[in-house]
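Student: Handing you this structure, nothing more for now.
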Amino acid sequence: MKKSSLQYLRTHTNIEKVIDGIAPELLKVGGDGGMPYGIFVETVEQAPIAISITDKKANILYVNEEFSKVTGYQAADILGENESILSDKCTPRHVYYDLWHAISRKKIWQGQLINRHKTGGRYLSDLIIAPMLNDNGDITHYIGMHRDITESYEAEKKVTNQKLLIESVINASPIAMVVLDLEDRIILDNHMYKALVSDLGKGEPAHYFLQLLRAEMGNLWSQLQEQQQGFSNREFRVECKNQHTARWFSCAGNWFIENEVNADAFFENGSKPYLILTLTDITQQRRQMEELHIQTLRALMAEDERVRGIRETLLGAMHQIQMPMNQIHAAEQILKHRNDSQHSSLLDILRQIQQSGEQAIATMQNCIPEIRQSAVVPVNLNCILHEVLLLSGQRLLSHDIVVEWQPMLEVPTLLGSENRLRMLFKQLIDNAIDAMAQVDSRERNLKVMTGSNAELVFAGIQDTGPGIPREKRAKVFEPFYTTHPGNNQAGMGLVMVKEIVNQHHGVITIDEDYQQGCRFVISFPVHKKPQRGLS
Ligand code: FAD
Numbered sequence: 000m001k002k003s004s005l006q007y008l009r010t011h012t013n014i015e016k017v018i019d020g021i022a023p024e025l026l027k028v029g030g031d032g033g034m035p036y037g038i039f040v041e042t043v044e045q046a047p048i049a050i051s052i053t054d055k056k057a058n059i060l061y062v063n064e065e066f067s068k069v070t071g072y073q074a075a076d077i078l079g080e081n082e083s084i085l086s087d088k089c090t091p092r093h094v095y096y097d098l099w100h101a102i103s104r105k106k107i108w109q110g111q112l113i114n115r116h117k118t119g120g121r122y123l124s125d126l127i128i129a130p131m132l133n134d135n136g137d138i139t140h141y142i143g144m145h146r147d148i149t150e151s152y153e154a155e156k157k158v159t160n161q162k163l164l165i166e167s168v169i170n171a172s173p174i175a176m177v178v179l180d181l182e183d184r185i186i187l188d189n190h191m192y193k194a195l196v197s198d199l200g201k202g203e204p205a206h207y208f209l210q211l212l213r214a215e216m217g218n219l220w221s222q223l224q225e226q227q228q229g230f231s232n233r234e235f236r237v238e239c240k241n242q243h244t245a246r247w248f249s250c251a252g253n254w255f256i257e258n259e260v261n262a263d264a265f266f267e268n269g270s271k272p273y274l275i276l277t278l279t280d281i282t283q284q285r286r287q288m289e290e291l292h293i294q295t296l297r298a299l300m301a302e303d304e305r306v307r308g309i310r311e312t313l314l315g316a317m318h319q320i321q322m323p324m325n326q327i328h329a330a331e332q333i334l335k336h337r338n339d340s341q342h343s344s345l346l347d348i349l350r351q352i353q354q355s356g357e358q359a360i361a362t363m364q365n366c367i368p369e370i371r372q373s374a375v376v377p378v379n380l381n382c383i384l385h386e387v388l389l390l391s392g393q394r395l396l397s398h399d400i401v402v403e404w405q406p407m408l409e410v411p412t413l414l415g416s417e418n419r420l421r422m423l424f425k426q427l428i429d430n431a432i433d434a435m436a437q438v439d440s441r442e443r444n445l446k447v448m449t450g451s452n453a454e455l456v457f458a459g460i461q462d463t464g465p466g467i468p469r470e471k472r473a474k475v476f477e478p479f480y481t482t483h484p485g486n487n488q489a490g491m492g493l494v495m496v497k498e499i500v501n502q503h504h505g506v507i508t509i510d511e512d513y514q515q516g517c518r519f520v521i522s523f524p525v526h527k528k529p530q531r532g533l534s
């Protein structure tokens, strides 16, 4: 076989010319008719790649052993045949055109073709064709070298397909996903994640949420990372730029290890941890919950207001009784000092009135209902004000009041009672609505904002009503003082406000500089969070 292939080559070409330049010690003449037979020939024969030599028309003059293995054709079957015998006839014509265009211009061509094995099976061939030139530089032969790359191609294609499949599954996911390395670099993300980049206006969303997660988890974050333990259901409220309502996201994370693929890790396995972070938009569920919550709050606050109404009525009545009682007490003292027996019966009557008055006050005192207490917890002022605005929505609408809601994006918490703080702000907003409702012509604008510095978190409630005259500003916090007495108002609202502010170690002021109406500024100490660890 080996012999016949070489013999065929010898008959059809001047092989001696080819071996002219080879050192004599590398060539030794074989014992079969002076055929040149040496290391070079043996090298081509045994080369682990299918080699063929053709004439200028691609008629096969020589094939090596590997060629027979790859194509299934023995030398005797194929010598004298054209290389096109290998063609499966499904390779596009332009491939052959390019092939011949290159090699006929004395260039090397490399590409992939579909070949047909002698037994009929297709295989993918990775082929290199090089022209062989004579002394004049003319093409005399072509040498073809090819490998069957079907298996490696299929394996590569499978990996690519799998990657594409994973990518399309990840991309089709309605949940934003992002993979990060240890340096917080984004390795992979999906369409939903990309949409968040522009929607949230927070720069790189992954970095924004990582910051929130690390701040919330403290030491727990690095402990989970070390132990490769995932986390889930970490919910965050996100104030988005250019959007009136906040959005809610539930974050989950899982660390996974990937084997390194660079050359350094070829002999020694190396691996790197990655974090897959999923961000689920739960705004809709939150809104539904919020609606239910607001309904519950409405009912609770209605009850609170009823209790407050009763308290104020009783306190007002006690206050009113107390005044004549004081006068009676004064009259009694005067009569006592006169020591006049003539008025002793009057003195008795006054004492009886005094006693029954005190009894009436004591009875009323006992009837004052208790205000509902709630737990002291870290409170987000934005949430409280947002709820109060929702609770007041109907009133604001019916008075054509435009609301300007300017929450600070990441407002620190304060320690307090949500229920009481809600009452406080509801009272201030109700007052603002009442004040603006008095003014017919002016624009009705309610601005609610939050802010903070290192020590304080504050809220501003500002209206475009008639404002409170400078001389009355201190008095409005006194019991039973009202700027519009005809309106059936007991004048206890701001007393309650002040009381709640005091309970939270806060301060309430009326902004002196604000001229377009009234502006209350309420500030509270910031709640400093203790660091949490893994327990
Ligand atoms: P063909 O009619 O043979 O050729 C198609 C087109 O190729 C023609 O339209 C023409 O543009 C061009 N062409 C053909 N012959 C020449 C020529 N002598 N000079 C200039 N242009 C020409 N093909 C394979 O399918 N598998 C192989 O493994 C393979 N190995 C090859 C190895 C070598 C060393 C060489 C030189 C060629 C090889 N070929 C191989 C190409 C092969 O010779 C055919 O051109 C190809 O198979 C197409 O065959 P065909 O019968 O479909 O079309």
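Just so we're aligned, residue 0 is where the sequence shown starts under numbering that gives the first Met the number 0, counting upward by one.
In this text, a Cβ means the ideal position worked out from N, Cα and C, and glycines have one as well.
Would you give the residue range spanned by the beta strand (DSSP E) that MET448 belongs to?
Tutor: 444-451
Student: Considering only the alpha carbon of each residue, which of GLN222, ILE370, ARG246 lies closest to TRP254?
Tutor: GLN222
Student: Pick from LYS271, GLU234, MET435, GLU82: whose alpha carbon is nearest that of CYS250?
Tutor: GLU234
Student: Buried or exposed: where does GLU505 fall if 16 or more other Cβ atoms within 10 Å of its Cβ makes it buried?
Tutor: A small fix is needed here, since residue 505 is Gly in this sequence, not Glu. Answer is buried; the Cβ neighbour count reaches 16.
Student: Can you confirm whether the region 290-297 touches the region 205-212 when touching is taken to mean that 3 or more C-beta pairs between the two stretches lie within less than 8 Å?
Tutor: no
Student: Cβ atoms of GLY110 and LEU126: under 8 Å apart, would you say?
Tutor: Contact flag set, yes.
Student: DSSP on PRO377, reduced to helix/strand/coil?
Tutor: strand
Student: Provide the residue span of the beta strand (DSSP E) that contains ASN232, from first to last.
Tutor: In the DSSP assignment, ASN232 falls within the beta strand (DSSP E) that extends over 230-237.
Student: Which parts of the region 139-179 are runs of the alpha helix (DSSP H), unbroken and 4 residues or longer, counting only runs that do not cross its ends?
Tutor: 149-171
Student: Which two residues bound the contiguous alpha helix (DSSP H) that contains TYR192?
Tutor: 190-199
Student: At 4 residues or longer, and completely inside the region 58-140: list those alpha helix (DSSP H) runs for me, N to C.
Tutor: 64-70, 74-77, 92-102
Student: Using a Cβ-Cβ cutoff of less than 7 Å, which residues in the same chain neighbour VAL525 once the five nearest sequence positions on both sides are dropped?
Tutor: PRO411, LEU413, SER451, GLU454, LEU455, VAL456
Student: Just to confirm the assignment, what range does the beta strand (DSSP E) spanning SER355 have?
Tutor: For SER355, there is no enclosing beta strand (DSSP E); the enclosing alpha helix (DSSP H) has its first and last residue at 343-366.
Student: Among GLN161, ILE48, ILE333, ASP87, which one has its Cα closest to the Cα of ARG121?
Tutor: ASP87
Student: Going by beta-carbon coordinates alone, are LEU278 and PHE248 separated by less than 8 Å?
Tutor: yes
Student: Are the CB atoms of ILE383 and LEU420 nearer to each other than 8 Å?
Tutor: yes
Student: Excluding the five sequence neighbours on either side, which residues of its own chain have a C-beta within less than 7 Å of the C-beta of GLU386, listed in chain order?
Tutor: ILE293, LEU296, ARG421
Student: Would you say the beta carbon of SER67 is closer than 7 Å to some non-hydrogen atom of ligand 1?
Tutor: no
Student: Expressed to the nearest angstrom, what Euclidean distance is found between the alpha-carbon atoms of LEU8 and LEU60?
Tutor: Near 5 Å, if we compare the C-alpha coordinates of LEU60 and LEU8.
Student: Going by the C-beta, is TYR95 closer than 7 Å to any heavy atom of ligand 1?
Tutor: Relative to ligand 1, TYR95 has its C-beta within less than 7 Å of a heavy atom.
Student: May I ask you to check if the CB of LYS117 is nearer than 7 Å to at least one heavy atom of ligand 1?
Tutor: no
Student: Quick check: does the Cβ of ALA154 come within less than 7 Å of any heavy atom belonging to ligand 1?
Tutor: no
Student: How is ASN218 classed by DSSP in three states: helix, strand or coil?
Tutor: helix
Student: State buried or exposed for PRO91, treating a residue as buried only when at least 16 other CB atoms are found within 10 Å of its CB.
Tutor: exposed
Student: Under a Cβ-count criterion, where at least 16 other Cβ atoms within 10 Å of its own Cβ denotes burial, should PRO406 be classed as buried or exposed?
Tutor: It counts as buried.
Student: Could you work out which residue in TYR192, LEU395, ILE428 is closest to PRO173 when comparing CA atoms only?
Tutor: TYR192
Student: For ILE499, which residues of its own chain have a beta-carbon under 6 Å away from its beta-carbon, when the five flanking residues on both sides are left out?
Tutor: Excluding residues within five positions, the ones whose Cβ falls inside 6 Å are ARG419, LEU423.
Student: According to DSSP, simplified to helix, strand and coil, what is ASN253?
Tutor: strand
Student: By Cβ distance below 6 Å, which residues in the same chain neighbour GLY20 in space, the five residues on each side in sequence not counted?
Tutor: Because GLY20 sits at a pLDDT of 44, beneath the cut-off of 50, its placement in the model cannot be relied upon, and the following sentence gives the value as read from the coordinates. Cβ within range, chain order: n/a, list empty.
Student: Give a yes or no on whether the minimum CB-CB distance between LEU380 and chain D is below 8 Å.
Tutor: Chain labels in this structure do not include chain D; a single protein chain is all it has.
Student: Does any heavy atom of ligand 1 sit closer than 7 Å to the C-beta of GLY71?
Tutor: No, Cβ of GLY71 sits at least 7 Å from all heavy atoms of ligand 1.
Student: If contacts are defined as beta-carbon pairs under 8 Å, then CYS239 and GLY200 qualify, I think. What distance do you get, rounded to the angstrom?
Tutor: 6 Å
Student: What span of residues does the alpha helix (DSSP H) with THR282 cover, start to end?
Tutor: 282-337
Student: Sort THR449, THR362, ASP399, MET495 by Cα distance to VAL306 and report the nearest one.
Tutor: MET495
Student: Between the alpha carbons of GLY392 and ALA431, how many angstroms are there, rounded?
Tutor: GLY392 and ALA431: Cα-Cα distance of roughly 13 Å.
Student: Express the C-alpha separation of ILE256 and LYS157 in angstroms, rounding to a whole number.
Tutor: 22 Å
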